[in-house]
Structures are given as structure tokens and as C-alpha cells.
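See structure below.
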Amino acid sequence: MRTWTVRRFSERDLDVAVGLWRSAGEHAPFPLADVVAAIRDDQPAWCAVEGEQMLGNVVTRIDGRHAWVLRLATADHSADGSGGAMLDRLLTDLAERGVRRVTGMLPDGDAIAAALDGWGFRSDQVLHFERHLDRAPDGREILRRLGGRIVEDGLWDSLAGMEREKTLIERRVILPLAQPDEAARHGVRPPHAVVLFGPPGTGKTTFAKGVASRLRWPFVELFPSRLSAEGLEGQAAALREFFEQVAAVERCVVFIDEVEEIAAARDGRPYSHGVTNELLKLIPSFREGTERLLVCATNSIRSLDHAFVRPGRFDYLLPVGPPDEVARAAIWRGYIDRITDRPVDVDALVRTSALFTPADIDFAARKAAQHAFERGVLEHEEGRAVGADFLTAIADTRPSLTKSAVRDFQEDIDDYARA
Ligand SMILES: Nc1ncnc2c1ncn2[C@@H]1O[C@H](COP(=O)(O)OP(=O)(O)OP(=O)(O)O)[C@@H](O)[C@H]1O
Ligand SMILES: [Mg+2]
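Numbering (our numbering), first residue to last: 3 to 421.
Here's what the structure looks like:
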């Protein structure tokens with residue numbers, strides 16, 4: 003039968019507690035005066051007691067969203083579950099007070115240290131332990147409110163061609179996040195924020211979703227256009243609130259498309275000052291989270307504020323360019339397989355679709371399929387699309403890219419790319 007209870011630690015408990023701290027050893031990273039002051043200040047402190055006896059106690063001090071464990075001690079018979087129940091109450095208390103990270107230190111080999119592992123604390127050499135907390139309401143609820151969603155498996159693999167871009171993103175971004183232990187062993191810090199830049203329709207959004215799909219992290223999108231609806235005053239506040247909520251989500255890819263709308267050079271757009279400044283301020287604290295990745299996409303990297311693209315905020319600035327011939331062939335093949343069982347000369351499509359983006363190819367492929375469909379329904383022709391349908395569709399499609407846009411993009415790579 004359970005004979006102990008967990009309750010708040012008050013000043014009256016100090017005498018008994020001091021006895022426990024003595025018997026638990028001399029390790030005291032924070033002076034007793036700090037511990038006493040925290041209890042008097044009504045900082046989160048809990049103890050487990052059985053009658054007159056104190057089985058364990060924990061005293062913390064909150065600093066913003068971060069709590070430090072000033073003392074954590076249990077008597078020898080910690081296997082009775084009282085230590086765990088005490089930590090449970092503490093974590094709830096901290097979460098309710100808005101804390102999202104708990105850090106503490108214990109002597110190497112301390113009995114509690116091993117148990118902390120089971121409480122979701124991460125510890126290196128068992129000297130330093132730390133845990134991120136979900137605030138109430140919990141992360142899943144917030145994720146739902148933010149419109150977060152799980153991207154279907156396999157999206158990354160279905161991205162045709164674009165091998166250069168895929169390899170770069172796979173190695174620099176996905177692998178360190180997917181294998182943090184191996185990254186740490188090599189002193190590699192996983193990235194927290196990247197910019198994808200390139201002409202419209204080249205696949206930036208699709209790549210960002212693909213990263214979420216590969217990591218199996220939820221995908222949350224911030225729409226700059228929705229912020230604008232808040233009016234000038236409200237934009238910065240709305241942005242701040244969005245990031246506050248994201249901070250409560252355990253792991254996710256946050257995507258901001260057309261980031262130039264909120265991060266354009268401040269001298270050029272005096273009215274968006276506030277929101278640009280706010281975003282600049284928010285990124286460093288976003289970077290403190292472990293399993294979070296911010297992906298910003300832009301068609302116009304040169305219009306971004308210099309402070310925004312300076313090293314320190316973004317780990318990488320990665321170009322997502324127009325598909326080359328190999329990529330166009332791969333993308334065409336993907337559509338042909340879905341649309342027809344007739345032979346199609348892919349090389350001819352590749353040759354005639356220079357300056358097409360993946361979005362243009364998507365459009366032209368749909369058009370080819372529509373031709374064949376209409377022929378089937380209206381003229382009772384059974385055959386599916388043939389090469390000529392594709393070539394006609396290509397001729398009817400205006401490519402999004404121009405030679406000068408491709409040149410500008412090359413210049414942007416020289417001036418901005420950081421991989
Ligand atoms: N590698 C690819 N293989 C097949 N389809 C692709 C590929 N890349 C993009 N697409 C398709 O092309 C279209 C445009 O892609 P996406 O919206 O990701 O481009 P974007 O760069 O974000 O465009 P924008 O700059 O206009 O936001 C989508 O329909 C997408 O499915
Ligand atoms: Mg996009």
C-alpha cells in the first residue's frame with residue numbers, strides 16, 4: 003500500500019530537508035542560500051513525505067521559460083515510486099507556469115541520475131540533465147490549431163530529377179536531423195533554419211514538404227498573406243504568437259513561403275519594418291529548440307533584408323533551380339507513366355521544354371491528358387495520350403522561365419548560396 007504523499011515544499015520543511023541533503027552527499031551546485039531564497043519566493047518546489055519523514059525533494063527556480071533545478075535529492079528507498087511522483091508534479095507545475103526547458107546537474111553516478119532517463123531527460127555524462135516540456139495545452143493540440151499536418155510518406159522519393167538539389171538537402175539538412183547522435187559524434191550541429199531560393203515553380207514548397215516527409219515530422223506553414231490581414235500593428239504580434247505556439251510543439255518543420263513579404267529589405271519597405279524586426283528577433287530563440295527546422299522560401303533572395311541572410315540566422319541558403327535536362331526527363335517520365343501506356347519520345351519533350359519549371363511541366367502534362375480524354379469521350383477514340391498530345395501541349399504552354407531569369411538566378415547563386 004502506498005503510504006507516502008507528494009506536496010509542495012514550504013519553508014517549514016527546511017529543517018528536515020537539510021538533513022536529507024546532508025545524508026544524500028555533499029554535491030550542491032547551488033548554495034543553500036539560493037535554495038532557501040527560492041522556497042521563500044514561492045518558486046516551484048515539491049517534496050515526497052511519509053509521516054514525519056522526508057523521502058525526497060526538488061527545488062527549482064524559474065528564469066523566463068527556463069527552470070533550473072537547484073536541489074534534487076531522494077532518500078535511499080527511492081524504488082517506492084515517490085521520486086517519480088514528485089517529478090511528475092514538478093513538471094506539471096513548471097509547464098503550467100510557462101516553463102519549457104528544465105536543466106539541472108547531479109554528481110556522476112548518482113542513483114537519481116539513472117532514473118531521470120526514464121523521465122525524458124537527456125543527460126550527458128549524467129552530470130547535466132535537461133528536458134523540454136510541452137505547455138498546456140499540449141503540443142498536439144497546438145499543432146492542430148496551427149494547421150500542422152503529417153506529409154505523406156514517400157513524397158521525397160517521388161520528387162523526380164533535381165538530383166543536385168536533393169543530394170545537397172539530404173546531406174546538409176535531413177541526415178544531421180535524422181541522425182543527431184552520429185552528427186554529434188562528429189561535432190556536426192544539425193541545422194535549425196534554411197532558406198530555399200529560386201525562380202517560381204521550381205519546387206521549393208515541394209522540397210520543404212519532402213523534408214518533413216523524410217523526417218516524419220509534422221509540417222506547419224505560416225502564410226505571410228494572413229499576417230498582412232492583421233494590419234501593420236498586429237503583424238508583429240501575430241508573428242510572435244505563431245512562434246510562441248510553435249515553440250510548444252515537440253518537433254516540426256515550419257515553412258514560410260514567399261518570405262520576402264515579411265523579410266524584405268527594411269530600407270525599401272518602411273511599413274514592414276516592425277514585422278521584419280520581429281522575425282529577426284524570433285529566429286535565435288527558435289534555433290534553441292532541438293527538433294525544429296525553419297524553412298523559408300523565396301523567389302527573390304536579393305530583396306531580402308541583409309541582416310536576415312547574414313550567417314548566424316540561417317545555416318544554409320540553398321538554391322532550388324530550374325530542372326536541367328536529366329531532371330526534366332525524370333519529371334516527364336513520371337507524368338507519362340501515369341497518363342499513357344503508349345510510347346512517347348521523352349527526349350523530344352525534354353528538348354522542346356527548355357525553360358519549363360516543374361510547375362510548367364505539370365501544367366503541360368495535364369493538358370496532354372485532357373486532349374486524349376476529350377478525344378476519347380467526344381470522338382470515341384480509345385487510345386490514351388500519344389507523343390503528339392504532349393508536343394502540342396508543350397507548344398501551348400508559355401514557359402515561366404526566361405533566359406534573363408536564369409541568368410539572374412545564376413548571379414544569385416554566386417552572391418548568396420551558402421551550402
Ligand atoms: N522534382 C519534381 N518532380 C515532380 N514534380 C515536381 C517537382 N518539383 C515540383 N514539382 C511539381 O511542380 C509544381 C510546383 O512546385 P512547387 O509549388 O513546389 O514550386 P515552388 O518553387 O514552391 O513555386 P513558387 O515559387 O511558385 O511557390 C507542383 O505541382 C509540384 O508537385
Ligand atoms: Mg511555393
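For every residue, glycine included, the Cβ atom is placed at its ideal position computed from N, Cα and C.
The residues E13, in chain order, have a CB closer than 7 Å to that of R42 in the same chain once the five nearest residues on each side in sequence are set aside. With fewer than 16 other beta carbons inside 10 angstroms of its own, S160 counts as exposed.
Rounded to whole angstroms, the separation of the alpha carbons of Q372 and S305 is 39 Å. At a cut-off of 7 Å, the beta-carbon of I285 does not count as near ligand 1: no heavy atom of the ligand is closer than that. Inclusion of T76 and A69 in the CB contact set at 8 Å is not warranted, their separation being larger than that value. Assigned with DSSP and collapsed to three states, A370 falls in helix.
Nearest Cα to G156 within the set G200, K211 and I144: K211. Excluding five sequence positions before and after I144, the CB atoms of its chain that fall closer than 7 Å to its own CB belong to Q247, A250 and V251, given in chain order.
Its chain contains V213, R216 and L217 as the residues whose beta carbon lies nearer than 7 Å to that of I176, once the 5 sequence neighbours on both sides are disregarded; these appear in chain order.
For G100, the closest of G85, I64, M88 and S84 by C-alpha to C-alpha distance is I64. Here the alpha carbons of A421 and V297 stand approximately 14 Å from one another. The C-alpha of R386 is placed about 7 Å away from the C-alpha of R344. The residues G203, T204, G205, P325 and I333, in chain order, have a CB closer than 7 Å to that of P360 in the same chain once the five nearest residues on each side in sequence are set aside. Distance between A299 and L198, taken at the CA atoms: about 5 Å. If you look at H275, you'll find it in the alpha helix (DSSP H) that goes H275 to E290.
The shortest C-alpha to C-alpha distance from D36 to any of G53, R73, S227 and F244 is the one to R73.
When the beta-carbon positions are compared, F257 and V311 stay at least 8 Å from each other.
In the pairwise beta carbon analysis, the stretch 315-322 is classified as not touching the stretch 348-365: fewer than three pairs are separated by under 8 Å. E262 counts as buried, since no fewer than 16 other beta carbons sit within 10 angstroms of its beta carbon.
For the pair of segments examined, the stretch 390-399 was found not to touch the stretch 185-196: the number of CB pairs separated by less than 8 Å stays below three.
Residues of the same chain with a CB within less than 6 Å of the CB of T342, apart from the 5 flanking positions on each side, are R386 and A387 in chain order.
Rounded to whole angstroms, the gap between the alpha carbons of A39 and P33 is 10 Å. In the three-state scheme derived from DSSP, where H, G and I count as helix and E and B as strand, F221 is classed as strand.
Within the stretch 45-74, the beta strand (DSSP E) runs of at least 3 residues that lie entirely inside it are, in chain order, 47-52 and 55-65. For M88, there is no enclosing beta strand (DSSP E); the enclosing alpha helix (DSSP H) covers residues S84 to E98.
As computed with DSSP, T7 is found in a beta bridge with V51.
Considering only R151, A162 and P46, the residue with the shortest C-alpha distance to A329 is A162. Between M107 and P31, the C-beta gap is smaller than 8 Å, which places the two residues in contact. Of the candidates R67, E383 and V352, the residue whose Cα lies closest to the Cα of P401 is V352.
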